[in-house]
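Engineer: Can you read through this structure? Questions will come right after.
Residue numbers (the UniProt record's numbering): 1 to 117.
Encoded structure:
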C-alpha cells in the first residue's frame with residue numbers, strides 16, 4: 001500500500017512530477033509523447049514509468065508496439081487528492097513552463113533572469 005512518504009519521494013523527482021502532471025492534464029499518453037514532452041530519452045522515461053507503476057500510480061495499456069499510460073483510478077484517494085490539488089494549484093503552469101524550459105532553455109534562462117532583476 002502506498003504511503004505518503006513514498007508518494008512524496010516519487011514526486012520529488014522533477015521528471016516524474018512532470019509525467020504525473022502531464023497525465024493528469026492529458027488523461028493518457030504513450031511513451032513516445034512523454035519523451036517528446038519532457039525531452040527525455042525512451043529508456044529514461046521507461047525507468048520513471050516503472051517506478052510509477054510499482055507504486056500503482058499509473059496503469060499501462062499496450063497497443064501493438066506502443067505503451068500508453070494513464071493515472072490509476074485505483075490509487076489511494078488521498079494520493080489522487082494530492083495530485084489533483086497540486087494540479088489545481090500549479091499543474092498547468094508547471095507543465096507548460098517545464099516543457100518550454102526543456103525545449104527552449106536559453107530563452108527561459110533569459111526570461112527567468114530578467115524577471116528576477
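The C-beta atom is built at its ideal place from N, Cα and C for all residues, glycine as well.
In this text the structure is predicted, and so the values were computed from the model without any measurement.
Going by DSSP, what residue range makes up the beta strand (DSSP E) through residue 29?
Structural biologist: Counting from one through the chain shown, the residue named residue 29 turns up at place 29. Its beta strand (DSSP E) spans residues 28 to 30.
Engineer: Just list the residues that DSSP pairs residue 63 with in beta bridges.
Structural biologist: Here residue 63 refers to the residue found at position 63 when the chain shown is read from its first residue. For residue 63, which the question treats as bridged, DSSP gives the partners 66.
Engineer: Please state whether the Cβ-Cβ distance between residue 29 and residue 62 is less than 9 angstroms.
Structural biologist: Numbered from 1 along the chain shown, position 29 holds the residue referred to as residue 29. Numbered from 1 along the chain shown, position 62 holds the residue referred to as residue 62. For residue 29 and residue 62, no; Cβs fall outside 9 angstroms.
Engineer: From residue 104 to residue 40, what does the alpha carbon distance come to, in whole angstroms?
Structural biologist: In the chain shown, the residue the question calls residue 104 occupies position 104. In the chain shown, the residue the question calls residue 40 occupies position 40. Confidence at residue 104 is low in this model, with a pLDDT of 46, below 50, so the placement of that residue should be treated as unreliable; the coordinate-derived value is given next. So the alpha carbons of these two residues sit roughly 14 angstroms apart.
Engineer: Would you mind stating whether residue 17 and residue 76 have Cβ atoms separated by less than 9 angstroms?
Structural biologist: For the purposes of this step, residue 17 is taken as the residue at position 17 of the chain shown. For the purposes of this step, residue 76 is taken as the residue at position 76 of the chain shown. No, the pair does not count as a contact, with Cβ atoms beyond the cut-off.
Engineer: Could you tell me the alpha carbon to alpha carbon distance between residue 125 and residue 26, rounded to whole angstroms?
Structural biologist: The structure shown does not extend to residue 125, since the chain spans only 1 to 117, so no value can be given for it.
Engineer: Kindly indicate which residue of 64, 14, 93, 87 has the alpha-carbon position closest to the one of residue 48.
Structural biologist: As a first step, residue 48 is located in the chain shown; it is residue number 48 there, counting from the start. Looking at the Cα atoms, 14 is the closest of the given residues.
Engineer: By Cβ distance below 8 angstroms, which residues in the same chain neighbour residue 72 in space, the five residues on each side in sequence not counted?
Structural biologist: One-based indexing of the chain shown puts residue 72 at position 72. Contacts found: 56, 57, 58, 59.
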